[in-house]
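Chemist: After the structure tokens below, expect a handful of questions from me.
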Amino acid sequence: MKIHSMILGAALTVCAFSAYAADTSNTLQKIKDTKEIVLGYREDATPFAYIDNSQTPTGFSVDLCREIVKGIEKALGMQDIRITYQPVTASNRIPLLANGSIDLECGSTTNTQERQKAVSFLYTTYVTGTKILVRTDSGINSVEDLKGKKIAVTAGTNNIRAVQKLNEEKHLNLTLVYGDSHAVNFLQLQNGRVDGFSTDDILLSVLRAQSKAPKDFKLIPEQLLSVEPYAIGVRKDDPKFKELADGILKTAFDDGKFTAIYEKWFMNPIPPKGINLDMPMSGELKQLMQHPSDSTNPQPRQ
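Be aware that the sequence shown starts at 157, since it is given in our numbering, and climbs by one per residue.
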């Protein structure tokens, strides 16, 4: 009788798992039944998602996902949802989300039309894009000051097109210097071999913060030269879950919680080295807090 019960229990468990694997369109029901939510996180995407010294997942996107879990608990009248963390990589994060292995993808993922064919995205929670890093003592304070200058770009990146477009529109007569890596380009800027280095603003800010003299470098221009919206991924064709999670984010935008989480990770020392990125919230993100968007090309209202 005991063996029969064990076999029956195992069979029911297998059936339940199979049902979830086959039907990934009801995330809330899965959470209610299992009392668990699985967060996918990157191990090396500072400050969005990474591992701290105690081998614990941490970061801006991880904190936002934890905030969403709190909102789900409140909505479902539950207090005991267990969070399970699943490390993901750039190559497997979308498949693991699509097949039901993770419920929220908490990293540094850009919402693109190609990815939307497989998964959905919540409201934009970070706006990155192309900017240019220059030396503070260079006398370069605006795009117009770049005329005739040498700008380092990393081969194979989308930022090249943004700089070329700026060059054509503003008639800057820039000379593009192609480097194999961000580290090489930053070294060229430090050594004065180029006048500026262009890539995503967040990457530039991390390089600046990790340098021996962060105050020796500054970002221009004020506005992004190209826009890439980072967003938390959810499964496709589950509108109830997306609506609830978007609503939780909207509340965080409105009540100051999102701003507090942002400042924790971008305006204060962060583990493990206590580096302060010193990166105030962009005007684009402030506008998107007031008018949330899940578009691949969000256009903040003026």
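For every residue, glycine included, the Cβ atom is placed at its ideal position computed from N, Cα and C. Keep in mind it's a predicted model, so treat the numbers as computed, not measured.
(1) Starting from the C-beta of D372, find all residues in its chain whose C-beta is less than 7 Å away, skip the five residues before and the five after it, and write them out in chain order.
(2) If I measure Cβ to Cβ from E378 and keep anything under 8 Å in the same chain, skipping five residues before and after, which residues do I get?
(3) According to the neighbour-count rule (16 or more other Cβ atoms, all chains shown, within 10 Å of its Cβ), is K186 buried or exposed?
(4) Quick one: using the 10 Å Cβ neighbour count with 16 as the cut-off for buried, is D219 buried or exposed?
(5) Measuring alpha carbon to alpha carbon, tell me which residue in L289, I288 and N267 is nearest Y279.
(6) Going along the chain, which residues of its own chain have a beta-carbon closer than 7 Å to the beta-carbon of D236, five neighbours each way excluded?
(7) Please classify S264 as buried or exposed, where buried requires at least 16 other C-beta atoms within 10 Å of its C-beta.
(8) Would the region 374 to 392 count as touching the region 330 to 342 if we require 3 or more Cβ pairs under 8 Å?
(9) Only counting the same chain, and skipping five residues up and downstream in sequence, which positions put a Cβ closer than 6 Å to that of I404?
(10) According to DSSP, what are the bridge partners of N432?
(11) What are the complete alpha helix (DSSP H) segments, minimum 4 residues, inside the region 292 to 336?
(12) Excluding the 5 residues preceding and the 5 following F414 in the sequence, name in chain order all residues of the same chain whose CB lies nearer than 6 Å to its CB.
(13) How would you call A178, buried or exposed, if buried means at least 16 neighbouring beta carbons within 10 angstroms?
(14) Measure how close the beta-carbons of L184 and L232 come, nearest whole angstrom, since I'm counting them as under 8 Å.
(15) Which residue comes first and which comes last in the beta strand (DSSP E) that contains K374?
(16) Identify which residue in P454, Q320, N315 and D301 has its Cα closest to the Cα of L441.
(17) What's the call for R391, buried or exposed, on a 16-neighbour Cβ count within 10 Å?
(18) Keeping to the same chain, check which residues put their C-beta closer than 6 Å to that of D394; ignore five residues upstream and five downstream.
(19) Would you call the region 255 to 262 and the region 344 to 360 in contact, with 3 or more CB pairs under 8 Å?
(20) As a quick exercise: from V319, S276, R249 and Q242, pick the residue whose alpha carbon is nearest that of S451.
(21) Excluding the 5 residues flanking G304 on each side, which residues of the same chain have their C-beta closer than 7 Å to its C-beta?
(22) L195 lies in the alpha helix (DSSP H); which residues open and close that run?
(23) Could you have a look at E261 and say whether DSSP puts it in helix, strand or coil?
(24) Roughly how many angstroms lie between the CA atoms of Y334 and I296, to the nearest whole one?
(25) Name the two residues that bound the continuous beta strand (DSSP E) containing Q242.
(26) Apart from the five residues on each side of it in sequence, which residues of its chain come closer than 7 Å, Cβ to Cβ, to Q446?
(27) Taking all protein chains shown into account, decide if N432 is buried (16 or more other Cβ within 10 angstroms of its Cβ) or exposed.
(28) Below 8 Å on the Cβ atoms is my guess for D336 versus A311; work out the distance and round it to an integer in Å.
(29) Which residue's Cα is closest to the Cα of S449: M437, P428 and D402?
(30) Hey, quick one: how far does the alpha helix (DSSP H) through S361 stretch, first residue to last?
(31) What do you get for K396, buried or exposed, if any count of 16 or more other CB atoms within 10 angstroms of its CB means buried?
(32) Roughly how many whole angstroms lie between the Cα atoms of N424 and G348?
Modeler: Based on what the coordinates show:
(1) The residue given as residue 372 occupies position 216 in the sequence shown. Closer than 7 Å at the Cβ level, and outside the excluded window around D372, lie R291 and T292.
(2) Translated into the one-based positions of the sequence shown, residue 378 becomes position 222. If we look at E378 and ignore the five residues flanking it on each side, its Cβ neighbours are G439.
(3) Against the sequence shown, residue 186 aligns to sequence position 30. Flag for K186 reads buried.
(4) Counted from its first residue, the sequence shown places residue 219 at position 63. Buried.
(5) Taking the sequence shown and counting its residues from 1, the one referred to as residue 279 is at position 123. The option with the nearest alpha carbon to Y279 is N267.
(6) Indexing the sequence shown from 1 puts residue 236 at position 80. K191, listed in sequence order.
(7) Along the sequence shown, one-based indexing puts residue 264 at 108. Answer is buried; the Cβ neighbour count reaches 16.
(8) no
(9) Indexing the sequence shown from 1 puts residue 404 at position 248. Excluding residues within five positions, the ones whose Cβ falls inside 6 Å are I224 and G227.
(10) For the purposes of this step, residue 432 is taken as the residue at position 276 of the sequence shown. P425, per the DSSP bridge assignment.
(11) 315 to 326
(12) Numbered from 1 along the sequence shown, position 258 holds the residue referred to as residue 414. Answer for F414: A408, listed in chain order.
(13) Taking the sequence shown and counting its residues from 1, one reaches residue 178 at position 22. Bear in mind that the predicted position of A178 carries a pLDDT of just 42, short of 50, making it too unreliable to give a figure here.
(14) Here residue 184 refers to the residue found at position 28 of the sequence shown. Here residue 232 refers to the residue found at position 76 of the sequence shown. Indeed they touch by this definition, with Cβ atoms about 7 Å apart.
(15) Counting from one through the sequence shown, the residue named residue 374 turns up at place 218. Counting along the chain, the beta strand (DSSP E) containing K374 begins and ends at F373 to I376.
(16) Counted from its first residue, the sequence shown places residue 441 at position 285. Nearest C-alpha to L441: P454.
(17) Position 235 of the sequence shown, counted from the first residue, corresponds to residue 391. Buried, because 16 or more other Cβ atoms sit within 10 Å of the Cβ of R391.
(18) As a first step, residue 394 must be located in the sequence shown, where it is residue number 238. Excluding residues within five positions, the ones whose Cβ falls inside 6 Å are S181 and T183.
(19) no
(20) Within the sequence shown, the letter at position 295 stands for residue 451. Answer by Cα proximity: S276.
(21) Mapped onto the sequence shown, residue 304 falls at position 148. Result list for G304: N329, in chain order.
(22) Here residue 195 refers to the residue found at position 39 of the sequence shown. That residue, L195, is in no alpha helix (DSSP H); its beta strand (DSSP E) goes E192 to R198.
(23) As a position in the sequence shown, residue 261 is number 105, starting the count at 1. If DSSP states are grouped into helix, strand and coil, E261 belongs with the strands.
(24) Residue 334 sits at position 178 when you count from the first residue of the sequence shown. Residue 296 sits at position 140 when you count from the first residue of the sequence shown. Distance between the alpha carbons of Y334 and I296: 21 Å.
(25) Start at 1 with the first residue of the sequence shown, and residue 242 comes out as number 86. Unbroken beta strand (DSSP E) run through Q242: R238 to V244.
(26) On the sequence shown, position 290 is the one that residue 446 refers to. Counting only Cβ-Cβ distances below 7 Å, and skipping sequence neighbours, we find nothing.
(27) Residue numbering aside, residue 432 sits at position 276 when the sequence shown is read from its first letter. With fewer than 16 other Cβ atoms within 10 Å, it is exposed.
(28) The sequence position of residue 336 within the sequence shown is 180, counting from 1. The sequence position of residue 311 within the sequence shown is 155, counting from 1. So it is a contact: roughly 6 Å between Cβ atoms.
(29) Stepping through the sequence shown from its first residue, residue 449 is reached at position 293. The option with the nearest alpha carbon to S449 is D402.
(30) As a working note, residue 361 is residue 205 in the sequence shown. Here the alpha helix (DSSP H) through S361 covers D357 to Q366.
(31) Working through the sequence shown from its first residue, we reach residue 396 at position 240. Its Cβ having fewer than 16 others within 10 Å, K396 is exposed.
(32) On the sequence shown, residue 424 is found 268 positions in, with the first residue counted as 1. On the sequence shown, residue 348 is found 192 positions in, with the first residue counted as 1. Going by the C-alpha atoms only, they are around 29 Å apart.
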